[in-house]
Amino acid sequence: MGFLDISGLGKVHYHEYGSGGKPLLAFHGYGMTGRQFHVLENSILQEYHVYGFDHFFHGGSQLADWTEAQILTGMPREMVKQYAEEWFKLHGRQRFSVMGYSIGANIALILVEEYADQIDEVILMAPDGLAVYKGFEILLHKPWGRYMFKTVTKSKWLAPALLNSLKKIRFIDDSLHQIAYNEIDTEQKRRDVYYTLNLIRLLKPDIDRIAENVNKYTIKCRLIFGKYDNLFPMKAARPFIHKVQNADVHEVNMGHWLVTRQLDEYLVNLQR
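Here our numbering is used: the first residue of the sequence shown is 14, the next is one more, and so on.
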């Protein structure tokens with residue numbers, strides 16, 4: 014494990030694991046840490062040496078002395094390049110691959126934009142960033158949605174009530190309701206959700222450019238979706254999939270919670 018010291022942003026903590034020899038920069042989903050992918054020990058970790066980065070407000074990463082106003086404005090997407098540049102300083106400039114799950118896919122995708130000529134493979138699981146998710150768009154970019162998000166964050170009862178209402182009208186399913194509820198049941202957790210999503214609100218990948226880069230540099234592109242995922246389903250990503258030549262696309266019998274030993278077994282069976 015170690016830290017990337019990114020000027021103007023903070024110290025990004027990362028974990029190292031995997032028995033493979035090829036470097037893989039990995040970005041986890043909400044509520045986890047860079048260790049999230051360790052369960053893929055019989056598939057991904059046999060091929061790659063993973064550098065799993067903790068998001069800010071997660072694990073050991075430490076945001077610099079940012080004010081709340083700065084956090085709510087969002088991290089400039091140009092800072093994503095510094096993840097790679099600082100990693101190069103520690104490990105040498107070399108070819109690498111990227112992996113992202115859920116909201117972590119945004120950072121992985123931006124690295125594909127910026128370093129396509131140095132990337133061998135991109136692995137995305139239930140990825141945010143391939144299409145606009147209306148829920149996040151409202152909460153993070155619409156004035157009334159941002160006001161509602163702030164209000165709900167500061168209330169002890171509004172967040173659970175809102176989740177129950179969304180479940181009742183089938184905007185979210187049981188699994189998403191449970192995942193979300195576990196992340197808003199304390200004041201600290203609600204604040205972390207609020208700060209995390211606002212900090213990454215500007216990290217919007219350019220999907221057309223990414224597809225062009227994947228095709229131009231023949232980057233291996235592996236996309237994995239949950240058949241029962243109502244958050245980032247495969248159907249929303251189809252415009253991107255159709256632009257990519259030879260994309261390796263899988264829809265597994267799971268929900269949004271994909272990074273599990275069940276997925277590890279699925280990936281192992283693909284190789285047999």
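Heads up, the beta-carbon is just placed ideally off N, CA and C, and yes, glycines get one too.
Report task. Out of 18, 30, 25 and 129, point me to the one whose CA is closest to residue 72's CA. Result -> Here residue 72 refers to the residue found at position 59 of the sequence shown. That would be 25, whose Cα lies nearest to the Cα of residue 72.
Query - residue 123 and residue 93 closer than 8 Å at C-beta - result: Indexing the sequence shown from 1 puts residue 123 at position 110. Indexing the sequence shown from 1 puts residue 93 at position 80. Yes. Within cutoff.
Requested in this report: Could you tell me if residue 34 is buried or exposed, where buried requires 16 or more neighbouring beta carbons within 10 angstroms of its beta carbon?
Outcome: Taking the sequence shown and counting its residues from 1, one reaches residue 34 at position 21. So residue 34 counts as exposed.
Query raised in the report: What residue range is occupied by the uninterrupted beta strand (DSSP E) comprising residue 35?
Result: Residue numbering aside, residue 35 sits at position 22 when the sequence shown is read from its first letter. That run of the beta strand (DSSP E) goes 35-40.
Query raised in the report: Taking the continuous beta strand (DSSP E) assigned at residue 18, which residues delimit it?
Result: Here residue 18 corresponds to residue number 5 of the sequence shown, with the count starting at 1. Note, residue 18: beta strand (DSSP E), 15-19.
Requested in this report: Check whether the Cβ atoms of residue 121 and residue 40 sit closer than 8 Å, and answer yes or no.
Outcome: Along the sequence shown, one-based indexing puts residue 121 at 108. Along the sequence shown, one-based indexing puts residue 40 at 27. Yes, the pair counts as a contact, with Cβ atoms nearer than the cut-off.
**Report entry** DSSP beta-bridge partners of residue 136
**Finding:** Taking the first residue of the sequence shown as position 1, residue 136 is located at position 123. Partner(s): 112 and 235.
Query - Which of helix, strand or coil DSSP assigns to residue 24 - result: Start at 1 with the first residue of the sequence shown, and residue 24 comes out as number 11. DSSP places residue 24 in strand when its eight states are reduced to three.
Query raised in the report: Would you call residue 216 buried or exposed, if buried means 16 or more other Cβ atoms sit within 10 Å of its Cβ?
Result: As a position in the sequence shown, residue 216 is number 203, starting the count at 1. Result: buried.
Requested in this report: Determine, using beta carbons only, whether residue 281 and residue 55 come nearer to each other than 8 Å.
Outcome: Stepping through the sequence shown from its first residue, residue 281 is reached at position 268. Stepping through the sequence shown from its first residue, residue 55 is reached at position 42. A contact, by the Cβ cut-off of 8 Å.
Requested in this report: Can you have a look at residue 252 and say buried or exposed, based on whether 16 or more other CB atoms are within 10 angstroms of its CB?
Outcome: Mapped onto the sequence shown, residue 252 falls at position 239. With fewer than 16 Cβ atoms within 10 Å of its Cβ, residue 252 is classed as exposed.
Query raised in the report: DSSP puts residue 264 in a beta bridge; with which residues?
Result: If you number the sequence shown from 1, residue 264 lands on position 251. DSSP, once it has assigned bridges, lists 238 as partnering residue 264.
Report task. Determine the extent of the beta strand (DSSP E) in which residue 66 is found, giving its start and end residues. Result -> Counted from its first residue, the sequence shown places residue 66 at position 53. Start and end: 61-66.
**Report entry** Element boundaries [alpha helix (DSSP H), containing residue 83]
**Finding:** Residue numbering aside, residue 83 sits at position 70 when the sequence shown is read from its first letter. For residue 83, the enclosing alpha helix (DSSP H) has its first and last residue at 81-86.
Requested in this report: Give me the Cα-Cα distance between residue 14 and residue 64, rounded to the nearest whole angstrom.
Outcome: For the purposes of this step, residue 14 is identified with residue 1 of the sequence shown, where counting begins at 1. For the purposes of this step, residue 64 is identified with residue 51 of the sequence shown, where counting begins at 1. Straight-line Cα distance between these residues: approximately 8 Å.
Query raised in the report: What separation, rounded to the nearest whole angstrom, lies between the Cα atoms of residue 117 and residue 247?
Result: What you label residue 117 is simply residue 104 of the sequence shown in a count that begins at 1. What you label residue 247 is simply residue 234 of the sequence shown in a count that begins at 1. Going from the Cα of residue 117 to the Cα of residue 247 covers about 17 Å.
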